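The numbering of the sequence shown is numbering that gives the first Met the number 0, which starts it at 0 and goes up by one. Presented below is the structure to which this report refers.
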Amino acid sequence: MLLSQLPAALSEWPECLHSAPWWQLTPQALLPVAQPLDGAWLVLFGKPLATHHLARLAELLAAQDIQAQLYPPSTPAGVPLLLLGTDRFSPELVQLLKAEAWDIDICHLSALPTLSEPGLLVMDMDSTAIQIECIDEIARLAGVGDQVAAVTAAAMQGKLEFSDSLRNRVALLAGAPVTILDEVAAQMPWMPGLQLMVDTLKQAGWRVAIASGGFTRFAGELQQALGLDAIFANELAVEGAQLTGQVSGRIVDASVKADVLQQLATAFGIRPAQTVAIGDGANDLKMMGVAGLGIAIHAKPLVRAQAAATLNHHDLEGVICLLGALACRDRRWDRS
Numbered sequence: 000m001l002l003s004q005l006p007a008a009l010s011e012w013p014e015c016l017h018s019a020p021w022w023q024l025t026p027q028a029l030l031p032v033a034q035p036l037d038g039a040w041l042v043l044f045g046k047p048l049a050t051h052h053l054a055r056l057a058e059l060l061a062a063q064d065i066q067a068q069l070y071p072p073s074t075p076a077g078v079p080l081l082l083l084g085t086d087r088f089s090p091e092l093v094q095l096l097k098a099e100a101w102d103i104d105i106c107h108l109s110a111l112p113t114l115s116e117p118g119l120l121v122m123d124m125d126s127t128a129i130q131i132e133c134i135d136e137i138a139r140l141a142g143v144g145d146q147v148a149a150v151t152a153a154a155m156q157g158k159l160e161f162s163d164s165l166r167n168r169v170a171l172l173a174g175a176p177v178t179i180l181d182e183v184a185a186q187m188p189w190m191p192g193l194q195l196m197v198d199t200l201k202q203a204g205w206r207v208a209i210a211s212g213g214f215t216r217f218a219g220e221l222q223q224a225l226g227l228d229a230i231f232a233n234e235l236a237v238e239g240a241q242l243t244g245q246v247s248g249r250i251v252d253a254s255v256k257a258d259v260l261q262q263l264a265t266a267f268g269i270r271p272a273q274t275v276a277i278g279d280g281a282n283d284l285k286m287m288g289v290a291g292l293g294i295a296i297h298a299k300p301l302v303r304a305q306a307a308a309t310l311n312h313h314d315l316e317g318v319i320c321l322l323g324a325l326a327c328r329d330r331r332w333d334r335s
């Protein structure tokens, strides 16, 4: 089957490809095969997903001498998705894919967690579970917004050590009324797809937690609203009705986040391969590194470059796509 002959709509592909159980991707065509490949995975998903994405991918695969076979499409969270099994994992292909200007999300992964067995997802909070950086909003209401936002940006890009930068930012909040926290909490916008992601994972028997360099006041709000299994965040010190400009207890930095993921996995009896970490900043990289799958969402360039999976065109519904992708492995074109 020539790629140029495939219909524009993925939903029509099964009718054209029902003559073989699986299909091998080449630069010009799909070739019938009797056995699938599962040495590594390619996941393509997005509303614009079409034949030309597959054709460009085929060119990159051929240049790396990688074989890939196509499974029937699916639509997790209503998003068109294609899964391909490859004969091997290629770090070079990962870099090539990240260098391209795709209008869909595409990930090449050595392994994929699955919703078919229990797992653990640990997410950052600010700019991941929610759309804002809470400390920047507190600072804005306290009249020191510009000073704090500049330090936050540098810290998330990995230009400053996180713990020191947090102490410096919180110090600027000294004397601010504690009611500011309530104002921020009342207007805290969730990342689109958050509720759907948590509900989907919970229904699949997964555990969901937050490990945040932000603050317990806001993480607690999310825990109560979403039924999260655990939260780990920093505690703003308060004296009377004012912030003291200090953080109480240990600071949740990159190392603590990584420890939290591993400790929760042990406590909940979750296999390491079934753990997922999601974040956007440099202080999430260690947590992503110890997870079975690390996902960068709308992330800084440093984080996008190092993360195993990146969500550039999707919000948290993209997590459902990645975790639901392996369900395609149980399907065949001649039986779809």
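Built from N, CA and C at the ideal position, the CB exists for glycine as well. Bear in mind that the values here come from a model prediction, so they are computed numbers and not experimental data.
CA-CA distance, residue i and residue j?
i      : j      : result
Leu171 : Phe161 : 16 Å
Gln156 : Ser109 : 26 Å
Met187 : Asp181 : 10 Å
Leu159 : Lys256 : 17 Å
Thr113 : Gln222 : 24 Å
Gln262 : Ser254 : 12 Å
Gln23  : His17  : 14 Å
Ala281 : Gln273 : 23 Å
Ile179 : Leu140 : 7 Å
Val197 : Ser10  : 27 Å
Gln27  : Met0   : 9 Å
Val183 : Asn233 : 16 Å
Gly212 : Ile269 : 24 Å
For residue i, which three-state DSSP category applies?
i      : result
His312 : coil
Phe88  : coil
Val251 : coil
Met190 : coil
Arg206 : strand
Ala175 : coil
Leu19  : Note that residue 19 is Ala in the sequence shown here, rather than Leu. Reduced to three states, the DSSP call for Ala19 is coil.
Ile317 : The question names Ile, but residue 317 in the sequence shown is Gly. Correct three-state label for Gly317: helix.
Leu48  : coil
Pro31  : strand
Gly142 : coil
Gln262 : helix
Thr215 : helix
Mind checking who residue i pairs with in its DSSP beta bridge?
i      : result
His107 : Leu41
Ile131 : Its beta-bridge partners do not exist; DSSP assigns none.
Met124 : DSSP lists no partner for Met124.
Val246 : Leu235
Glu137 : For the record, residue 137 in the displayed sequence is Ile; it is not Glu. According to DSSP, which records beta bridges pairwise, Ile137 is partnered with nothing at all.
Gln94  : According to DSSP, Gln94 bridges with nothing at all.
Gln241 : Pro176, Glu238
Thr113 : Answer is none; Thr113 lacks a bridge partner.
Thinking C-alpha only, which one of the options is nearest residue i?
i      : options                        : result
Gly248 : Asp86, Phe214, Pro188          : Phe214
Glu132 : Pro117, Ala148, Leu119, Val143 : Ala148
Pro20  : Pro35, Leu260, Pro117, Lys97   : Pro35
Lys92  : Ser73, Ile179, Ala39           : According to the sequence displayed, residue 92 carries Leu and not Lys. Checked all of Ser73, Ile179, Ala39; the closest Cα to Leu92 is Ala39.
Leu336 : Asp333, Ser89, Cys327          : Shown here, the chain extends from 0 to 335; a query on residue 336 therefore has no answer.
Ala100 : Leu56, Asp86, Gly118, Trp205   : Leu56
Asp314 : Phe88, Trp189, Pro71, Ile65    : Trp189
Val177 : Leu29, Thr151, Arg216          : Arg216
Since residue i contacts residue j with CB under 8 Å, what's their CB separation in whole angstroms?
i      : j      : result
Gly336 : Glu316 : Absent from the model: residue 336. The displayed extent of the chain is 0 to 335, so no value can be given.
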